[in-house]
Amino acid sequence: MKYKFLFTFAVTAFLTFCSFGTKAFAAGYTGYLDGVSGDSVSGWAWDSSSPQSSVTVEVVVSDEESGTVLKKSSAAAQEHYSHLSAQGIGTGNYGFSADVALSSLSDGTYTVRAYVGGTELPNRLTLVKSQGSVHVTSASSLRSLGIFKTTAYCPCGGCSEGWGRHTATGAIAASRHTIAVDPKVIPYGSRVLINGVVYTAEDRGGGVKGNHIDIFFDTHSETRQYGTRSAEVFLLP
Ligand SMILES: [Zn+2]
Numbered sequence: 003m004k005y006k007f008l009f010t011f012a013v014t015a016f017l018t019f020c021s022f023g024t025k026a027f028a029a030g031y032t033g034y035l036d037g038v039s040g041d042s043v044s045g046w047a048w049d050s051s052s053p054q055s056s057v058t059v060e061v062v063v064s065d066e067e068s069g070t071v072l073k074k075s076s077a078a079a080q081e082h083y084s085h086l087s088a089q090g091i092g093t094g095n096y097g098f099s100a101d102v103a104l105s106s107l108s109d110g111t112y113t114v115r116a117y118v119g120g121t122e123l124p125n126r127l128t129l130v131k132s133q134g135s136v137h138v139t140s141a142s143s144l145r146s147l148g149i150f151k152t153t154a155y156c157p158c159g160g161c162s163e164g165w166g167r168h169t170a171t172g173a174i175a176a177s178r179h180t181i182a183v184d185p186k187v188i189p190y191g192s193r194v195l196i197n198g199v200v201y202t203a204e205d206r207g208g209g210v211k212g213n214h215i216d217i218f219f220d221t222h223s224e225t226r227q228y229g230t231r232s233a234e235v236f237l238l239p
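See below:
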């Protein structure tokens, strides 16, 4: 029985993998991807047609831009979640916590998905790691501000006109952190995601108007390398 289940799971997962974007329908599987804590991803899942058994959840962490799968972990959904039994969801013994070693990821933006029987659980998460801290949002709460023109600046006299690392808000500019914006378009203090990096709007610039963002770099050679690029900009909640 167990082997038959595992085989069914493997086949369903394989079919889902082959038909990326379409959902393999597996009757009875429901649950929810709750969130992230430390290295672990947690939630709950069950098979309503077999409430006494526990299902196996597979958690997949992939790079948001390339889609490359970076971490995979399986966990049995068998912890008791009293809020489930209180809601009349079977025995309530359906909680899972899968260790996916999130602390070993470098800075970047990742997508976290959980599957049971090849069916993705609701609430896919977007995980943004920036300067050691991790921000988690559900994918639906990242709001696109549209396509912006992005350029680069540095503390040199030519770029900052003598301001150096001093910004219009008083913050000291830092790479992979500071951007100059038109505060009428993006208010100071906003955190935005550009090309997988979270920046904070804390500077302005004479030439930075409308849908234009100037990204701070430490050196002028980096600004030359960056040049001018179009990028979709997302506002973090
Ligand atoms: Zn410069």
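Here the sequence shown is numbered in my numbering, starting from 3 and rising by one per residue.
No residue lacks a Cβ here, since even glycine has one placed at the ideal position from N, Cα and C.
In this text the structure is predicted, and so the values were computed from the model without any measurement.
- Membership of Tyr155 in the beta strand (DSSP E) is indicated by the continuous run Arg145 to Tyr155.
- The shortest CA-to-CA distance from Arg126 to any of Val194, Ala154, Leu86 and Leu144 is the one to Leu144.
- Two segments are said to touch when three or more pairs of C-beta atoms, one from each, lie closer than 8 Å; by this definition the stretch 120-138 does not touch the stretch 80-96.
- Here Arg178 carries a coil assignment [DSSP, helix/strand/coil].
- For Gly160, the distance from the CB to the nearest heavy atom of ligand 1 is below 7 Å.
- Per DSSP, reduced to three states, the secondary structure at Arg206 is coil, with no helix or strand assignment.
- Annotated as proximal: Val102 and Val43, with beta-carbon spacing under 8 Å.
- Per DSSP, the beta-bridge partners of Ala116 are Val61.
- In the DSSP assignment, His85 falls within the alpha helix (DSSP H) that extends over Ser84 to Ala88.
- Inter-residue distance for Gln89 and Val194 is about 38 Å (C-alpha atoms, whole angstroms).
- At a Cβ-Cβ threshold of 8 Å, Val59 and Ala100 count as neighbours.
- Remark: the C-beta of Thr225 is in contact range of ligand 1, defined as less than 7 Å to any heavy atom.
- With 16 or more other Cβ atoms inside 10 Å of its own Cβ, Thr180 counts as buried.
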